[in-house]
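**Student:** Sharing a structure, written as structure tokens. Questions coming.
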Amino acid sequence: MDSLPTSATNGLGFAADTATEPHARLNFDLDVDLCVIGAGLAGLSVALEAARAGLSVAVLESGRIGWGASGHNLGTVMPGYGVPIADLIDRVGLDHASALWALTREGMEIVRARAADEAMPDLALSDGALEVSNVDIGDRLVERLQTLGVDFGSEVEGWATDKVRDVLRTNRYFHGIYYPTAFQIDGRGYLHGVERLARRAGARIFEETPVVEIDFSGIRKRIFTPSARLRASDIVLAGSVHLGAPSRRIAETLLPVWRAAVLTAPLGGRLADAVGFAGSITDTGGVDHYRIVGGDRLLWASGETTFEVAPQRLERIVRRRIRTVFPQLDEVAIDRSFSAAVGVTVHGMPQIGELRPGLWVASGFGRNGLATTAIAARLIVRGLTHADERVRLFAPFDLVWAGGRIGRIVGQGVYLAAREGALAAGTLARYRERTIARSRIKSEQAEIKREERRTRLEQLRAAERSSAAARRPVPPPSE
Ligand SMILES: Cc1cc2nc3c(=O)[nH]c(=O)nc-3n(C[C@H](O)[C@H](O)[C@H](O)COP(=O)(O)OP(=O)(O)OC[C@H]3O[C@@H](n4cnc5c(N)ncnc54)[C@H](O)[C@@H]3O)c2cc1C
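Residues in the sequence shown are numbered consecutively from 85, following my numbering.
Here it is in structure tokens:
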């Protein structure tokens with residue numbers, strides 16, 4: 085594979101490996117108001133909000149910033165959570181679900197405002213996202229549009245199948261929902277932008293500093309790393325599936341789900357012939373998520389596993405998906421591929437809140453981490469500094485054990501079944517569409533034949549009438 089320029093300004097709107105100056109390791113003891121464990125999107129967003137609120141903040145990161153999911157996402161900023169809207173409403177009721185949904189819209193605005201900061205140049209912000217259905221159930225679309233547009237006050241537009249296929253030349257999609265206010269950015273560029281803003285606001289960030297133990301007792305909590313100790317009034321656990329030793333109980337409430345993505349080589353004009361939509365595209369089955377970057381490349385994520393698998397295998401899965409959805413693209417060359425693990429909860433909602441006095445959690449963001457980490461950070465810091473109660477909107481979503489190894493095996497089965505279910509439903513929908521098209525052609529042909537028969541009959545009758553008229557004896561002329 086060719087290597088790509090490693091900066092956010094490479095013109096692609098996507099930088100998988102932006103190099104940054106390493107932050108020091110923590111090797112001295114420290115006393116702070118807030119200790120954040122984990123420097124992904126969640127941890128850095130909390131650090132930024134807290135430092136701006138005037139707290140002294142230390143962020144401890146076991147590896148390098150952005151090595152995980154936060155440095156390897158597709159940069160799509162959309163409203164919503166990883167749980168179907170209908171399930172959310174069933175669980176907490178319409179008003180509560182609507183308030184939760186509004187929070188993700190607020191999260192989007194926070195990201196948009198930050199993306200406009202001069203600390204984040206060249207994020208290649210582009211507008212609009214399209215969620216396409218791989219089944220032809222138009223009445224469900226109307227129902228969802230009603231919930232999103234009327235009940236939740238989101239800006240959405242329903243697209244009929246023809247309109248979707250005008251821009252995405254594949255028979256795999258039917259109708260779609262267009263989100264005009266959704267947008268995409270260079271995800272890694274954004275992460276490092278948040279890091280810069282947090283540092284500027286006074287947060288201290290330490291890399292290669294794993295937290296190995298926490299003593300929660302006492303008003304001031306003690307945090308242990310291999311090389312130093314910290315004391316803090318509050319702790320935010322933002323380690324996602326990597327948290328490990330400091331709180332196994334919390335780490336075990338997350339199912340690790342690896343998602344793979346590829347960046348194709350330039351595809352030339354054939355890409356524009358296949359994909360005529362500039363924003364992000366996701367499907368309702370949750371199988372594929374992609375967008376065009378750098379003018380003629382595809383950035384495409386697909387394939388989920390609850391156990392880490394070889395990158396080559398994941399790359400094969402994604403290539404197969406591209407070929408299946410857009411056979412006209414044929415074989416595409418891959419410039420870069422990567423995978424990362426996201427944390428998924430049993431109920432599908434993120435874990436945001438205070439677990440016990442002074443101990444907060446911000447994790448379980450699944451595939452929708454950009455807007456949700458932004459709002460999670462704001463709610464936690466407001467809860468901490470202003471006793472803002474909005475964070476309690478997430479209270480109904482408890483920390484539920486994800487089932488350990490057995491949970492991962494079952495999870496894999498569920499993912500496969502859901503994916504297969506979505507694919508099978510898509511196959512069925514396309515079969516139905518072909519059958520309907522075939523029977524329409526047949527009935528049109530039958531109608532043409534009937535018309536021809538009618539015309540022939542009329543011609544015969546007309547011929548008979550004129551020959552009968554010719555045979556009729558001519559009356560003798562009257563005298
Ligand atoms: C392929 C892919 C595409 C995606 N696309 C999108 C997208 O388009 N839009 C979107 O909104 N979301 C997307 N996501 C999801 C999004 O990236 C995640 O939801 C988000 O990054 C989660 O952030 P996080 O901070 O919770 O976790 P992470 O990024 O995993 O960060 C956790 C950090 O905590 C550190 N840590 C853990 N334990 C400790 C410890 N004990 N001591 C010190 N440090 C510790 C880890 O080293 C890690 O750096 C995508 C994800 C993937 C994998």
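We put the beta carbon where it would ideally sit given N, CA and C, even for glycine.
Name the two residues that bound the continuous beta strand (DSSP E) containing threonine 265.
**Tutor:** It spans 260-268 - the beta strand (DSSP E) in which threonine 265 sits, taken as one unbroken run.
**Student:** Under a three-way DSSP split, which group does leucine 225 fall into?
**Tutor:** Leucine 225 carries a helical assignment under DSSP once its states are collapsed to helix, strand and coil.
**Student:** Does the structure place the region 371-389 close enough to the region 453-460 that three or more beta carbon pairs sit under 8 Å?
**Tutor:** No contact exists between the region 453-460 and the region 371-389.
**Student:** Is histidine 326 near ligand 1, with its Cβ less than 6 Å from a heavy atom?
**Tutor:** yes
**Student:** Go through its chain and collect everything with a Cβ distance to alanine 552's Cβ below 6 Å, but skip five positions before and after it.
**Tutor:** none
**Student:** Please identify the residue among Gly237, Ala282, Gln543 whose C-alpha is closest to the C-alpha of threonine 188.
**Tutor:** Gly237
**Student:** For my contact list, alanine 458 and arginine 288 are in at a C-beta cut-off of 8 Å; report their separation, rounded to the angstrom.
**Tutor:** So it is not a contact: roughly 21 Å between Cβ atoms.
**Student:** Starting from arginine 280, follow the alpha helix (DSSP H) in both directions and report where the run begins and ends.
**Tutor:** 271-285 is the span of the alpha helix (DSSP H), which, as asked, contains arginine 280.
**Student:** Can you have a look at alanine 266 and say buried or exposed, based on whether 16 or more other CB atoms are within 10 angstroms of its CB?
**Tutor:** buried
**Student:** Check for me: the alpha helix (DSSP H) holding tryptophan 151 runs from which residue to which?
**Tutor:** Segment: none, tryptophan 151 is in no alpha helix (DSSP H) and carries neither H nor E.
**Student:** For arginine 404, is the classification buried or exposed, using 16 other Cβ atoms within 10 angstroms of its Cβ as the cut-off for buried?
**Tutor:** By the 10 Å Cβ count, arginine 404 comes out exposed.
**Student:** Determine which residues share a DSSP beta bridge with aspartate 372 and list them.
**Tutor:** The beta-bridge partner set that DSSP reports for aspartate 372 consists of Ser386.
**Student:** Rounded to a whole number of angstroms, what is the C-alpha to C-alpha distance between histidine 107 and aspartate 270?
**Tutor:** 22 Å
**Student:** Tell me whether the beta-carbon of proline 330 lies closer than 7 Å to the beta-carbon of arginine 381.
**Tutor:** no
**Student:** If you follow the beta strand (DSSP E) that serine 423 is in, where does it begin and where does it stop?
**Tutor:** 418-428
**Student:** Candidates Ala282, Gly378, Ile173, Gly450: which alpha carbon is nearest aspartate 206's?
**Tutor:** Gly378
**Student:** Shortest alpha-carbon distance to leucine 184 belongs to which of Phe481, Leu477, Tyr257?
**Tutor:** Leu477
**Student:** Taking the beta carbon of alanine 460 as the centre, do at least 16 other beta carbons fall within 10 Å, making it buried, or is it exposed?
**Tutor:** By the neighbour-count rule (16 or more Cβ atoms within 10 Å), alanine 460 is buried.
**Student:** Along the chain, where does the alpha helix (DSSP H) that runs through threonine 188 open and close?
**Tutor:** Unbroken alpha helix (DSSP H) run through threonine 188: 178-199.
**Student:** In three-state terms, what does DSSP make of aspartate 113?
**Tutor:** The three-state secondary structure of aspartate 113, taken from DSSP, is coil.
**Student:** Check leucine 314 in the structure and name its three-state DSSP category.
**Tutor:** strand
**Student:** Report the option in Val465, Arg555, Asp482, Glu535 whose CA atom is closest to the CA atom of alanine 135.
**Tutor:** Distance check between alanine 135 and each of Val465, Arg555, Asp482, Glu535 places Val465 closest, using alpha-carbon atoms only.
**Student:** Comparing C-alpha positions only, which one of Leu413, Ala344, Gly323, Arg280 sits nearest to glutamate 202?
**Tutor:** Arg280
**Student:** What separation, rounded to the nearest whole angstrom, lies between the Cα atoms of arginine 537 and arginine 549?
**Tutor:** 18 Å
**Student:** Would you check if the region 249-268 and the region 291-301 touch, i.e. whether three or more CB-CB distances between them fall below 8 Å?
**Tutor:** no
**Student:** How about glycine 450 and glycine 277: are their beta carbons less than 7 Å apart?
**Tutor:** no
**Student:** DSSP state of leucine 339, grouped into three classes?
**Tutor:** It is a strand residue.
**Student:** If you draw a straight line from the alpha carbon of histidine 431 to that of isoleucine 173, how long is it in whole angstroms?
**Tutor:** Computed Cα separation, rounded: 13 Å.
**Student:** How should arginine 272 be labelled, buried or exposed, when 16 other C-beta atoms within 10 angstroms of its C-beta is the threshold for buried?
**Tutor:** buried
**Student:** Tell me the DSSP secondary structure of methionine 85 in three-state form.
**Tutor:** Unreliable positioning characterises methionine 85 in this predicted model, as indicated by a pLDDT of 33, which lies under 50. A coordinate reading is not provided.
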